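If you count by this note's numbering, then the sequence shown holds residues 608 to 731, one letter each, in order.
Beneath this line is the structure, given in structure tokens, with notes to follow.
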Amino acid sequence: MADRDEILRQFPMVVVIGLAVWYAEKRVREKEVRLENRFDTQLADLLKRAEDREQQLHNREDQLRAEVRKDRDAEIARFLDAQKALAGANDKLLAAKDEQIANLTKEVEGLTKQLAALTKKLQG
């Protein structure tokens with residue numbers, strides 16, 4: 608009976624210690640859950656920021672490609688315009704040379720006729 612009385616006397620203390628251990632474990636579990644949730648939230652935020660940054664980089668790359676393409680196309684257009692202008696100038700120069708050759712040909716024909724006339728005069 609002494610053991611029983613001792614057990615009954617210590618029972619409230621055992622219950623209090625048990626409740627304290629249970630409550631401490633409960634708080635530790637809750638803190639672990641909060642930390643896991645915070646970690647998950649931070650990780651999700653980090654992933655979101657990384658995805659946003661990656662999207663910004665892709666957008667910037669696309670923008671730079673478009674600018675380079677635009678500059679390249681403008682340079683090609685300037686080159687083609689310069690080639691057309693050069694071809695036009697060459698055509699004009701060629702036409703002027705053709706006209707000059709035609710004039711010289713007429714002059715040569717005229718001189719040939721004069722030479723023929725002078726040769727006839729000299730021959731008699």
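Note that CB positions come from ideal geometry on N, CA and C, so glycine has one too.
Remember, it's a predicted structure, so these values are computed and weren't measured experimentally.
- For the pair Ala692 and Ala684, the Cα-to-Cα distance works out to about 12 Å.
- Residue state for Gly731 is assigned as coil, using DSSP reduced to three classes.
- Per the coordinates, the alpha-carbon of Asp678 lies some 18 Å from the alpha-carbon of Asn666.
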